[in-house]
Amino acid sequence: MAGIRMPHLPNEILYEIAGYVDDKDILNLRLSAKVFQYVTADRFATAFFQDRAYELSPKGLTALVKITEHSVFAPHIRTVIIGHGVKHSSAKYHGLLEQAFQNLASIGNTISLGLRRVRTSHNYQHKVHCGGHQMWRFWRDKMLPAASHAQMPVGNIVADVQTASQNRLLPSDSQYWSQDFIDVLLAGALGNGLTRDYQIKLGAGGSDSSKSSFIRVGLQGKRLEGLRVCTWDSYNYLTYGLMLQLREIDLDDCVTNYNWLAELLRTTCSRQLEHLSLYNVRLRQRTGNSYRSRTWLKLFKSLKSPTVLKSCKFGRLWSDSGDLWLEGGKKPSKPVPELKSLLSSQTSPLVSALPNSMVDGGP
Numbered sequence: 001m002a003g004i005r006m007p008h009l010p011n012e013i014l015y016e017i018a019g020y021v022d023d024k025d026i027l028n029l030r031l032s033a034k035v036f037q038y039v040t041a042d043r044f045a046t047a048f049f050q051d052r053a054y055e056l057s058p059k060g061l062t063a064l065v066k067i068t069e070h071s072v073f074a075p076h077i078r079t080v081i082i083g084h085g086v087k088h089s090s091a092k093y094h095g096l097l098e099q100a101f102q103n104l105a106s107i108g109n110t111i112s113l114g115l116r117r118v119r120t121s122h123n124y125q126h127k128v129h130c131g132g133h134q135m136w137r138f139w140r141d142k143m144l145p146a147a148s149h150a151q152m153p154v155g156n157i158v159a160d161v162q163t164a165s166q167n168r169l170l171p172s173d174s175q176y177w178s179q180d181f182i183d184v185l186l187a188g189a190l191g192n193g194l195t196r197d198y199q200i201k202l203g204a205g206g207s208d209s210s211k212s213s214f215i216r217v218g219l220q221g222k223r224l225e226g227l228r229v230c231t232w233d234s235y236n237y238l239t240y241g242l243m244l245q246l247r248e249i250d251l252d253d254c255v256t257n258y259n260w261l262a263e264l265l266r267t268t269c270s271r272q273l274e275h276l277s278l279y280n281v282r283l284r285q286r287t288g289n290s291y292r293s294r295t296w297l298k299l300f301k302s303l304k305s306p307t308v309l310k311s312c313k314f315g316r317l318w319s320d321s322g323d324l325w326l327e328g329g330k331k332p333s334k335p336v337p338e339l340k341s342l343l344s345s346q347t348s349p350l351v352s353a354l355p356n357s358m359v360d361g362g363p
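Numbering (the UniProt record's numbering), first residue to last: 1 to 363.
Structural data, given as structure tokens:
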């Protein structure tokens, strides 16, 4: 095929070639010949614009405006993430941002808004939390007012605070960004009813989503979900700061603080908690700069207010000392005697009625 020009191939062959190309290679295929730009337009728009961060600069936001004006690409946009480098002066970009939001509002799709911390040579900060206030101030003073003024329907809020280069720096400084983020949410999007859900991405993005970690809060469904989160400070701000009345709690592969979890369960169990799932969770208690181990049995017994759960699921529950109190995983396991007795007790605070309870690690 070296001597054959791509544009002269039959359309059937071109579509066949495009069908064998993975989404991550679509961009390279489009660069190989102009005809592939038409063949792969829908796939490119669907895959490429979902998680792209637009640089906070005249060039980056001008590109966003042009994309929102494109007849083929614009209808596929569901997420707008702005890459913020902390040292940017954002006042002069407000017009471009509002123009892009107005274009999206005219299409009518619900758009998720996000901020992504980017680090380049000209805006490098040694500490992750440095400049976080500037990021959230841009969010509160620029992004949310632009979306509100354009009457653009806002879906989720996404805060992507960790990139691949920051992987070793978080979550040790998470309390700085999480507190700022919650303050901005209370003053902006949540206070004005602009959003239904929000998500904080803690892990590096990319094609291998299995390595990601995040905290997701569904304000509509009253659901708290944590995946591979190793800092309890984030939970603390997300729950106490918003005073949520949770119906569902799902923690998977997490490290959680004893006091936080006990208080959360006492608060939610006395009201409207319906579903509780704890899998591969390590329990610890912080005392000053050190941690001491606490037991799950003591946690469950400390819950005094009765509740009615529709379902619960426990598996691989660890103490901070490394002891596996409850097994579970690919093979179902029998509950430890203490938990079995607790679950079968008529006076158990967790189980007034549990028709769908599971005490194992799931599939």
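We treat Cβ as the ideally placed atom computed from N, Cα and C, and that holds for glycine.
For residue i, which option in the options has the closest C-alpha, if you only look at C-alpha atoms?
i       : options                            : result
Ala-33  : Leu-246, Ala-146, His-8            : His-8
Ser-112 : Met-135, Gly-85, Leu-144           : Leu-144
Leu-115 : Asn-156, Ala-105, Gln-99           : Asn-156
Gln-37  : Ser-311, Gln-285, Ala-18, Met-135  : Ala-18
Leu-246 : Glu-16, Val-217, Ile-26, Cys-254   : Val-217
Asn-11  : Ser-213, Val-35, Asp-23            : Val-35
Val-281 : Leu-273, Ser-302, Phe-300, Leu-251 : Leu-251
Pro-153 : Leu-31, Arg-117, Ile-107           : Ile-107
Leu-265 : Val-118, Leu-224, Tyr-20           : Leu-224
Arg-284 : His-275, Phe-214, Thr-295, Ser-277 : Thr-295
Met-135 : Ile-81, Phe-48, Ala-47, Lys-222    : Ile-81
Cys-254 : Tyr-15, Leu-278, Ile-26            : Leu-278
Glu-274 : Glu-263, Glu-248, Leu-317          : Glu-248
Gln-102 : Gln-272, His-149, Ile-13, Arg-137  : His-149
Leu-299 : Lys-310, Leu-317, His-84           : Leu-317
Phe-138 : Ala-100, Thr-110, Gly-83, Asn-109  : Gly-83
Lys-301 : Ile-215, Ala-262, Leu-276          : Ala-262
Ala-45  : Leu-31, Gly-60, Leu-27, Ala-53     : Leu-27
Asp-25  : Glu-16, Lys-142, Ala-47, Tyr-15    : Ala-47
Gln-272 : Asp-23, Ser-311, Leu-297           : Ser-311
Ser-213 : Thr-79, Trp-260, Val-158           : Val-158
Leu-96  : Val-118, Ala-147, Phe-49           : Ala-147
Ile-228 : Ser-57, Leu-297, Ile-215           : It should be pointed out that residue 228 corresponds to Arg in this sequence rather than to Ile. Nearest of Ser-57, Leu-297, Ile-215 to Arg-228, Cα basis: Ile-215.
Leu-297 : Ser-319, Lys-142, Lys-313, Tyr-20  : Ser-319
Val-118 : Lys-313, Pro-58, Arg-52, Tyr-20    : Arg-52
Leu-104 : Gln-151, Gln-220, Lys-313, Asp-23  : Gln-151
Gly-60  : Ala-100, Lys-142, Trp-260, Leu-309 : Ala-100
Go ahead and label residue i buried or exposed: buried means 16 or more other beta carbons lie within 10 angstroms of its beta carbon, across all protein chains shown.
i           : result
residue 365 : Within the shown structure, residues of the chain are numbered from 1 to 363, placing residue 365 beyond reach of any answer.
Asn-167     : Since pLDDT at Asn-167 reaches only 42, below the 50 mark, its modelled position is unreliable, and no value is offered.
Thr-256     : buried
Gly-315     : buried
Ile-77      : buried
Tyr-258     : buried
Glu-98      : buried
Ser-71      : exposed
Tyr-93      : buried
Asp-208     : Any reading at Asp-208 must be qualified, since the residue scores a pLDDT of 40, below 50, and its modelled position is unreliable; the value itself is stated next. Per the 10 Å Cβ criterion, exposed.
Ser-174     : Its pLDDT being 44, under 50, Ser-174 is placed unreliably in this model, and the coordinates cannot settle the point.
Thr-110     : exposed
Leu-31      : exposed
Gly-85      : buried
Ile-13      : exposed
Gly-226     : buried
Tyr-20      : exposed
Name the DSSP beta bridge partners of residue i, please?
i       : result
Val-154 : Ile-111
Arg-282 : Val-255, Trp-318
Val-80  : Leu-113
Ile-249 : Leu-224, Leu-276
Is the closest heavy atom of the ligand COA to the C-beta of residue i under 6 Å?
i       : result
Gly-108 : Ligands are entirely absent from the displayed structure, and the ligand COA is therefore not among its contents.
With a threshold of 7 Å between beta-carbons, can residue i be considered close to chain C, or not?
i       : result
Arg-316 : Among the chains in the structure shown there is no chain C, since it carries only a single protein chain.
Spell out a yes or no on whether the region 35 to 42 and the region 57 to 69 are touching, meaning 3 or more CB-CB pairs, one atom from each, closer than 8 Å. no
With a floor of 3 residues, list each beta strand (DSSP E) that falls wholly inside the region 38 to 72, ordered by position along the chain. Counting whole runs of 3 or more residues, the region 38 to 72 contains the beta strand (DSSP E) stretches 53 to 55.
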